[in-house]
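First the structure, in the form of structure tokens, and then the observations on it.
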Amino acid sequence: MQLDLYVNTLGRHIKQHFSGRVRKLSVDGDFTCPNRDGSIGKGGCTFCNVDAFVKPQQQMMSIGEQLDARKAELKHKDIRYLAYFQAYTSTYAEVEYLRGMYQQALADESVVGLCIGTRPDCVPEAVLEMLAEYQAQGKEVWLELGVQTAHDETLKKINRGHDFAAFRKAVARAHQYGLKVCAHLILGLPGEEPEHYMQSLEAVLAEDIAGIKLHPLHVVEGSTMAKAWRAGRLDTMSQQHYVEQAVNLIRHTPEHVVYHRVSAHARPPVLLAPNWCQNKWLALTDIAKKLAFDGPQGSALS
Ligand code: SF4
Numbered sequence: 537m538q539l540d541l542y543v544n545t546l547g548r549h550i551k552q553h554f555s556g557r558v559r560k561l562s563v564d565g566d567f568t569c570p571n572r573d574g575s576i577g578k579g580g581c582t583f584c585n586v587d588a589f590v591k592p593q594q595q596m597m598s599i600g601e602q603l604d605a606r607k608a609e610l611k612h613k614d615i616r617y618l619a620y621f622q623a624y625t626s627t628y629a630e631v632e633y634l635r636g637m638y639q640q641a642l643a644d645e646s647v648v649g650l651c652i653g654t655r656p657d658c659v660p661e662a663v664l665e666m667l668a669e670y671q672a673q674g675k676e677v678w679l680e681l682g683v684q685t686a687h688d689e690t691l692k693k694i695n696r697g698h699d700f701a702a703f704r705k706a707v708a709r710a711h712q713y714g715l716k717v718c719a720h721l722i723l724g725l726p727g728e729e730p731e732h733y734m735q736s737l738e739a740v741l742a743e744d745i746a747g748i749k750l751h752p753l754h755v756v757e758g759s760t761m762a763k764a765w766r767a768g769r770l771d772t773m774s775q776q777h778y779v780e781q782a783v784n785l786i787r788h789t790p791e792h793v794v795y796h797r798v799s800a801h802a803r804p805p806v807l808l809a810p811n812w813c814q815n816k817w818l819a820l821t822d823i824a825k826k827l828a829f830d831g832p833q834g835s836a837l838s
């Protein structure tokens, strides 16, 4: 069942701007993270292990080589791409280094834009200005801000090193430059229940964000949470419960907001739990089926 019949997915949004398919390709700019190197914190967010989304061989390649390698893995060659700087904090470097990385991606003619994943406390003016320049040149630019929840108590518990006010400030500054912001939210963080998820959704929507990336908490090898999970101190959501919660949030999201992702995907041995995250299509199909029955994105707002 096709998700974009019921959800304003990134694919659906992009089709309105570019003819043909556009796909996100992850690249690694060899960044680090201030929540790991001691500038803001140590140990990182408790759910994080960046190895979960960086292929070891990627770290040895230039951005151009990574893009070529990722494209070679794909069946469909007739598409264009957004270069997705996902790993670590992709604005955490000197601005000239960042420019070099982003330029390498944009030098590929099939790359029509950038998605830059970062933290709310790591978006200096010079970076926002540079991203706005790319946007003014006609590139599709998304600033992806990890916030995970709007609840400061949870943010503290997961060692994010920032509060929700930092997210609000970052969004306001990005908007001054006319940039689109995508907020990451995780469902199932320790101590959170469905009412927390809805409050987080409402809080990020109140900041007039343009996109959301939603996924269930999944435990990856090497993270702090892996220890808690092994010790039986941490549970993950069932697929059915996640689907119910995700559908409820999507139905409470205005139609113009673009969903970059509505589930998670990882494989063992990196993925420890829940098992159902191994097969992203199962959850996506169930989400689409339930939306077809309950009503599409935004239908619970009317
Ligand atoms: S999730 Fe992002 S901010 Fe948190 S430790 Fe990992 S790379 Fe750093």
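Counting the sequence shown from 1 gives a position; this note's numbering is that position plus 536. Beta carbons are placed, not taken as given, at the ideal position from N, Cα and C, and that holds for glycine.
{"Query": "For Asp564 and Leu897, the rounded distance between their alpha carbons", "Result": "In the structure displayed, the chain extends from 537 to 838; residue 897 sits before or after that span and is not available."}
{"Query": "CB of Gln776 within 8 Å of CB of Pro730, strictly", "Result": "no"}
{"Query": "Residues bridged to Pro752 (per DSSP)", "Result": "Leu723"}
{"Query": "Pocket of the ligand SF4 defined by Cβ to heavy atom distance under 6 Å", "Result": "Cys569, Asn571, Arg572, Gly580, Cys581, Cys584, Val586, Tyr624, Thr625, Arg655 and Gly682"}
{"Query": "Reference Asn695; option with closest CA among Met761, Tyr628 and Gln814", "Result": "Met761"}
{"Query": "Member of Arg559, Leu634 and Tyr638 whose CA lies at the smallest distance from the CA of Arg616", "Result": "Arg559"}
{"Query": "8 Å contact criterion, which Tyr488 and Leu561 should meet: CB distance rounded", "Result": "In this structure the chain extends from 537 to 838, so residue 488 is not present and cannot be described."}
{"Query": "Counted within 10 angstroms of its Cβ, other Cβ atoms place Leu725 as buried (16 or more) or exposed", "Result": "buried"}
{"Query": "Helix, strand or coil at Gly758 [DSSP, three-state]", "Result": "coil"}
{"Query": "Inter-residue spacing [alpha-carbon to alpha-carbon] between Arg557 and Leu546", "Result": "11 Å"}
{"Query": "Cα-Cα separation between Ser736 and Asn784, rounded to whole angstroms", "Result": "13 Å"}
{"Query": "Nearest residue (CA-CA) to Leu837, options Asn811, Ala800 and Ile786", "Result": "Ile786"}
{"Query": "Residues near Pro810 in its chain [Cβ-Cβ closer than 6 Å; skip 5 each side]", "Result": "Thr772"}
{"Query": "Cβ pair Ile849, His796 closer than 8 Å", "Result": "Not covered by the structure: residue 849. The range shown for the chain is 537 to 838."}
{"Query": "CA nearest to the CA of His687, picked from Cys584, Cys651 and Ala702", "Result": "Ala702"}
{"Query": "Cα-Cα separation, Met666 to Leu753", "Result": "33 Å"}
{"Query": "Burial state of Glu738, where buried means 16 or more other Cβ atoms lie within 10 Å", "Result": "exposed"}
{"Query": "Test item: CB-CB of Thr582 and Thr625 under 8 Å", "Result": "no"}
{"Query": "Pro660 versus Tyr638, Arg709, Val717 and Gly831, residue with shortest Cα-Cα distance", "Result": "Arg709"}
{"Query": "Under 8 Å between C-beta atoms of Thr627 and Cys651", "Result": "no"}
{"Query": "Same chain, Cβ closer than 7 Å to Pro805, neighbours up to 5 away in sequence not counted", "Result": "Glu757"}
{"Query": "Beta-carbon proximity of Met597 to Ala605, cut-off 8 Å", "Result": "yes"}
{"Query": "Helix, strand or coil at Thr615 [DSSP, three-state]", "Result": "According to the sequence as given, residue 615 is Ile; it is not Thr. If DSSP states are grouped into helix, strand and coil, Ile615 belongs with coil."}
{"Query": "Euclidean distance between Cα positions of Arg766 and His788", "Result": "35 Å"}
{"Query": "Distance, Glu669 Cα to Asp641 Cα", "Result": "First, the amino acid is wrong: residue 641 is Ala here, not Asp. Looking at the two C-alpha atoms, the distance is approximately 15 Å."}
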